[in-house]
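Asker: Numbering (this note's numbering), first residue to last: 198 to 566. Idealized CB from N, CA, C, for every residue including glycine.
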């Protein structure tokens with residue numbers, strides 16, 4: 198048995214041993230590098246103490262991913278309104294980074310608030326004037342005007358009654374031949390004249406009591422315009438105050454008093470009690486993911502100790518380019534992925550409430566739900 202023969206025997210034994218291990222762990226050659234890497238990661242994290250014969254089962258059951266701990270689903274960059282903000286600056290900043298705020302709490306006030314407050318007050322006054330004008334038209338003329346007109350009607354009615362009696366008496370005298378026909382005609386004309394005056398007076402009283410349709414429509418249009426302007430002024434005034442849309446924590450303050458808003462917004466706010474992990478799943482693996490599957494999260498660079506747990510909450514419907522990259526230089530940066538959102542268990546949320554965009558490792562148990 199020569200040294201050369203021993204070397205050849207060792208090489209044959211090593212080759213067979215490698216083939217046996219590769220068969221047990223499903224390390225086909227050539228292999229899909231990213232799937233193989235995921236499989237080895239899942240195996241090393243969950244089943245390092247098991248025999249090699251179980252390795253393939255675990256590769257099929259778990260999907261390991263490079264992801265980022267993120268709060269995008271419950272994160273908001275608060276900006277001031279575009280209208281009028283190009284000249285406005287921060288006048289009063291009421292929070293600092295790290296502060297916890299409640300829903301509706303005032304975070305900042307713009308310096309154009311006094312000007313817009315005055316405009317809102319003027320708009321409200323215009324609404325009051327337009328309302329009073331419409332009410333006046335609907336109510337008709339003043340009560341004193343109607344009383345005066347009614348008194349005139351009463352006078353005409355009294356004169357008409359006297360004229361009617363005179364006409365009736367003269368008519369009897371004319372029939373007896375006591376007076377001429379011209380005298381009777383004069384009394385008849387007096388009655389007709391007073392009857393005409395009474396009709397006009399009554400019509401005038403009716404016009405004083407009823408509003409004219411065209412005047413009502415014009416007054417209503419003026420009131421609607423005044424109300425619209427008041428609503429716009431109120432909205433502009435409200436926009437001078439930046440409020441928290443939900444209870445959460447201030448992550449970053451991008452604009453200070455005296456500064457205008459930045460492209461990143463004035464304040465970045467997050468709801469840290471609802472931490473999420475945004476995982477990028479390869480399009481070849483997303484078919485194995487289901488909502489409700491358990492998830493284990495570990496830190497890639499020691500951002501937190503131990504592991505976190507959660508469950509798949511949402512599977513995205515869009516395939517896109519990879520946005521989170523592993524530190525492994527051999528990783529496939531051109532992979533196409535689907536976003537999968539994972540809700541952390543309540544017991545683990547506070548452990549990472551101060552972290553954002555931390556790159557972590559995730560293991561999704563694709564065999565359970």
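Leaving out the 5 sequence neighbours to the left and right, which residues in its chain are closer than 8 Å to residue 541 when beta-carbon positions are compared?
Answerer: The residue labelled residue 541 in the question sits at position 344 within the chain shown. Excluding sequence neighbours, residue 541 sits near 472, 473, 474, 494, 505, 506, 507, 549.
Asker: Which class does residue 471 belong to by DSSP, given the choice of helix, strand or coil?
Answerer: Counted from its first residue, the chain shown places residue 471 at position 274. Looking at residue 471 - three-state DSSP - the assignment turns out to be helix.
Asker: Name the residue from 457, 398, 379 whose alpha carbon lies nearest to the alpha carbon of residue 351.
Answerer: Counted from its first residue, the chain shown places residue 351 at position 154. When each option's Cα is compared against that of residue 351, the closest is 398.
Asker: Ordered along the chain, which non-local residues of its own chain (more than five positions away) have a Cβ less than 6 Å from that of residue 388?
Answerer: For the purposes of this step, residue 388 is identified with residue 191 of the chain shown, where counting begins at 1. Answer for residue 388: 360, 361, 364, listed in chain order.
Asker: Are residue 517 and residue 535 close, meaning C-beta to C-beta below 9 Å?
Answerer: Within the chain shown, residue 517 is the residue found at index 320, counting from 1. Within the chain shown, residue 535 is the residue found at index 338, counting from 1. The answer is yes: Cβ separation under 9 Å.
Asker: Quick test of your reading: residue 538 and residue 511, contact by CB under 8 Å. State the CB separation rounded to the nearest angstrom.
Answerer: As a working mapping, residue 538 is identified with position 341 in the chain shown. As a working mapping, residue 511 is identified with position 314 in the chain shown. With a Cβ gap of about 4 Å, residue 538 and residue 511 count as contacting.
Asker: Going along the chain, which residues of its own chain have a beta-carbon closer than 7 Å to the beta-carbon of residue 331, five neighbours each way excluded?
Answerer: In the chain shown, the residue the question calls residue 331 occupies position 134. Contacts found: 416, 417, 420.
Asker: Would you check if the distance between the CB atom of residue 466 and the CB atom of residue 447 is smaller than 9 Å?
Answerer: Position 269 of the chain shown, counted from the start, is the residue given in the question as residue 466. Position 250 of the chain shown, counted from the start, is the residue given in the question as residue 447. Yes, the pair counts as a contact, with Cβ atoms nearer than the cut-off.
Asker: Output the distance between the C-alpha atoms of residue 476 and residue 291, rounded to the nearest integer angstrom.
Answerer: As a working mapping, residue 476 is identified with position 279 in the chain shown. As a working mapping, residue 291 is identified with position 94 in the chain shown. Whole-angstrom Cα-Cα distance: 35 Å.
Asker: Please say whether residue 402 and residue 346 have beta carbons closer to each other than 9 Å?
Answerer: Taking the chain shown and counting its residues from 1, the one referred to as residue 346 is at position 149. Taking the chain shown and counting its residues from 1, the one referred to as residue 402 is at position 205. Contact flag set, yes.
Asker: So, does the stretch 297-304 touch the stretch 429-443, judging by three or more C-beta pairs under 8 Å?
Answerer: Flag = yes, the stretch 297-304 and the stretch 429-443 touch.
Asker: Assign residue 423 to buried or exposed, taking buried as 16 or more other Cβ atoms, counted over all protein chains shown, within 10 Å of its Cβ.
Answerer: For the purposes of this step, residue 423 is identified with residue 226 of the chain shown, where counting begins at 1. The residue is buried, with at least 16 neighbouring Cβ atoms inside 10 Å.
Asker: With a floor of 4 residues, list each alpha helix (DSSP H) that falls wholly inside the stretch 373-450, ordered by position along the chain.
Answerer: Listed in chain order, they are 378-406, 410-435.
Asker: Can you give the Cα-Cα distance for residue 382 and residue 348, rounded to whole angstroms?
Answerer: As a first step, residue 382 must be located in the chain shown, where it is residue number 185. As a first step, residue 348 must be located in the chain shown, where it is residue number 151. Distance between the alpha carbons of residue 382 and residue 348: 29 Å.
Asker: Sorted by chain position, which residues of the same chain lie with C-beta nearer than 6 Å to residue 496's C-beta, five sequence neighbours on each side aside?
Answerer: Locating residue 496 in the chain shown gives position 299, where the first residue counts as 1. So the qualifying residues of the chain are 557.
Asker: For residue 504, which of helix, strand or coil comes out of DSSP?
Answerer: Working through the chain shown from its first residue, we reach residue 504 at position 307. Note: residue 504 maps to strand in three-state DSSP.
Asker: By DSSP, does residue 345 sit in helix, in strand, or in coil?
Answerer: Position 148 of the chain shown, counted from the first residue, corresponds to residue 345. It is helical.
Asker: For residue 367, I'd like the list of residues in its chain whose CB is within less than 7 Å of its CB, leaving aside the five on either flank, ordered along the chain.
Answerer: Within the chain shown, numbered from 1, the residue matching residue 367 stands at position 170. Excluding sequence neighbours, residue 367 sits near 376, 380, 381, 384.
Asker: Which of the three DSSP states, helix, strand or coil, is assigned to residue 486?
Answerer: For the purposes of this step, residue 486 is taken as residue 289 along the chain shown, with counting starting at 1. Reduced to three states, the DSSP call for residue 486 is coil.
Asker: Let me know the secondary structure DSSP gives residue 292 once reduced to three states.
Answerer: The sequence position of residue 292 within the chain shown is 95, counting from 1. Three-state result, residue 292: coil.
Asker: On the criterion of 16 or more Cβ atoms from any shown chain inside 10 Å, does residue 560 qualify as buried, or is it exposed?
Answerer: Position 363 of the chain shown holds residue 560. Classification of residue 560: buried, given that the 10 Å Cβ count is 16 or more.
Asker: Is it the case that the Cβ atoms of residue 294 and residue 449 are separated by a distance below 9 Å?
Answerer: On the chain shown, position 97 is the one that residue 294 refers to. On the chain shown, position 252 is the one that residue 449 refers to. Cβ atoms of residue 294 and residue 449: closer than 9 Å.
Asker: Quick check on residue 468: buried or exposed, where buried means 16 or more other Cβ atoms within 10 Å of its Cβ?
Answerer: As a first step, residue 468 is located in the chain shown; it is residue number 271 there, counting from the start. Residue 468 is buried by the Cβ-count criterion.
Asker: Is residue 544 helix, strand or coil by DSSP?
Answerer: Along the chain shown, one-based indexing puts residue 544 at 347. In this structure, residue 544 counts as helix in the three-state DSSP scheme.
Asker: Cα separation between residue 544 and residue 532?
Answerer: Here residue 544 is taken as the residue at index 347 of the chain shown, counted from 1. Here residue 532 is taken as the residue at index 335 of the chain shown, counted from 1. So the two alpha carbons sit approximately 33 Å from each other.
Asker: Pull up the DSSP beta-bridge partners for residue 480, would you.
Answerer: Mapped onto the chain shown, residue 480 falls at position 283. Its beta-bridge partners do not exist; DSSP assigns none.
Asker: So, is residue 489 buried or exposed, given that buried needs 16 or more other C-beta atoms within 10 angstroms?
Answerer: Here residue 489 refers to the residue found at position 292 of the chain shown. Exposed, since its Cβ has fewer than 16 Cβ neighbours within 10 Å.
Asker: At which residues does the beta strand (DSSP E) containing residue 285 begin and terminate?
Answerer: Along the chain shown, read from residue 1 onward, the residue named residue 285 stands at position 88. From DSSP, residue 285 is part of no beta strand (DSSP E); its letter is neither H nor E.
Asker: So is residue 499 buried or exposed if we call it buried at 16+ other beta carbons inside 10 Å?
Answerer: Translated into positions along the chain shown, residue 499 becomes position 302. That one is exposed.
Asker: Under 7 Å Cβ to Cβ from residue 270, same chain only, skipping five residues before and after it: list those, please.
Answerer: The residue labelled residue 270 in the question sits at position 73 within the chain shown. Unreliable placement is indicated for residue 270, whose pLDDT of 34 sits below 50; the coordinate value is still reported in the next sentence. Cβ within range, chain order: 473, 538.
Asker: Check the DSSP bridge columns for residue 462 and list the partner residues they point to.
Answerer: Numbered from 1 along the chain shown, position 265 holds the residue referred to as residue 462. Answer by DSSP bridge pairing, in chain order: 459.
Asker: Per DSSP, what kind of secondary structure is residue 365 in: helix, strand or coil?
Answerer: Along the chain shown, one-based indexing puts residue 365 at 168. Of the three classes helix, strand and coil, the one that applies to residue 365 here is helix, per DSSP.
Asker: Can you tell me which of 413, 313, 357 puts its alpha carbon nearest to the alpha carbon of residue 328?
Answerer: On the chain shown, residue 328 is found 131 positions in, with the first residue counted as 1. Of the candidates 413, 313, 357, the one whose C-alpha sits nearest the C-alpha of residue 328 is 413.
Asker: So which of 483, 286, 323 has the shortest CA-CA distance to residue 308?
Answerer: Counting from one through the chain shown, the residue named residue 308 turns up at place 111. Per the Cα distances, 286.
Asker: Which of the three DSSP states is assigned to residue 536 in this structure?
Answerer: Along the chain shown, one-based indexing puts residue 536 at 339. It is a strand residue.
Asker: Secondary structure at residue 308, three-state DSSP: helix, strand or coil?
Answerer: Locating residue 308 in the chain shown gives position 111, where the first residue counts as 1. Coil at residue 308, not helix or strand.
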